[in-house]
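Residues in the sequence shown are numbered consecutively from 216, following the numbering used here. Built from N, CA and C at the ideal position, the CB exists for glycine as well. Following: one structure in structure tokens, then a few remarks.
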Amino acid sequence: MRFAPVAAALSLMLATSASVINADPGQAQPRAAMLIAQGQAALEAGDVQSAIDAFEAALVVDPGYTPIFINLAEAARQDGLQGKAIRYYREALARDPSNFAAISGEGEALVEKGAIEKAQRNLARLESLCGETCPETLALQATISAGPPERLAAEASEDETATN
């Protein structure tokens, strides 16, 4: 009898995790899809925080739907939080290692942080997975060619001046 509460908790946990594991990754649940659409509309309107809120709510509704992490990463990048974006992209890649959008997005966030060599590794990975003419490959190539944002380049030149 003393083990009944523990057994009930374990069975509830197993039932919950089994439903997440068996969820269809190809389709978001209807409520999550609605929240994702709201988040994308907010992101397009420039309301990054509302977009993040909607995406996080969608993640609570459908934690098994990997594209939500890519949406969260895009919102974090627009908010200037490249480290957080990279974490979201890596979560998506942990769930789907050949997700082209996550590989490309992570590479673009790495460029925005100034980590060009790491971004080039992502580019090489994309080229091997989907080819040189893949839209994600082309987008990452363009971002790497453009280099880090101007503020990072300015900080780097200030650091060089200070050390000379």
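Alpha helix (DSSP H) segment containing residue i, residue limits
{"i": "L296", "result": "Unbroken run through L296: none, as it is neither H nor E."}
{"i": "G254", "result": "245-259"}
Where residue i sits in the DSSP three-state scheme
{"i": "S313", "result": "coil"}
{"i": "Y303", "result": "helix"}
{"i": "E347", "result": "coil"}
{"i": "G208", "result": "A question about residue 208 goes unanswered here, because the residues of the chain that appear run from 216 up to 379."}
{"i": "A324", "result": "helix"}
{"i": "D268", "result": "helix"}
{"i": "A238", "result": "Reliability of the predicted coordinates at A238 is poor, the pLDDT of 47 falling under 50, and no value is obtained from them."}
{"i": "P278", "result": "coil"}
{"i": "A273", "result": "helix"}
{"i": "A354", "result": "helix"}
{"i": "L288", "result": "It is worth fixing the name first, because residue 288 is Ala in this sequence and not Leu. Helix."}
{"i": "A334", "result": "helix"}
Same chain, Cβ closer than 8 Å to residue i, neighbours up to 5 away in sequence not counted
{"i": "I285", "result": "Y303, Y304, A307, N314, A316, A317, G320"}
{"i": "G272", "result": "The residue asked about is misnamed: residue 272 is Ala in this sequence, not Gly. Taken in chain order, the residues that qualify are L250."}
{"i": "N337", "result": "I318, S319, E321, G322, L325, L355"}
Exposure of residue i, with buried meaning 16 or more beta-carbon neighbours within 10 Å
{"i": "P363", "result": "buried"}
{"i": "Q264", "result": "exposed"}
{"i": "G322", "result": "buried"}
{"i": "G261", "result": "exposed"}
{"i": "L353", "result": "exposed"}
{"i": "E259", "result": "exposed"}
{"i": "G298", "result": "exposed"}
{"i": "P282", "result": "buried"}
{"i": "S360", "result": "exposed"}
{"i": "A309", "result": "exposed"}
{"i": "G254", "result": "buried"}
{"i": "E365", "result": "exposed"}
{"i": "A252", "result": "exposed"}
Residues near residue i in its chain [Cβ-Cβ closer than 7 Å; skip 5 each side]
{"i": "A257", "result": "S265, A266, A269"}
{"i": "K333", "result": "L325"}
{"i": "R340", "result": "I318"}
Nonlocal neighbours in the same chain, by C-beta distance under 6 Å from residue i, ignoring five residues either side
{"i": "T358", "result": "E323, V326"}
{"i": "A288", "result": "A300, Y303, Y304, G320"}
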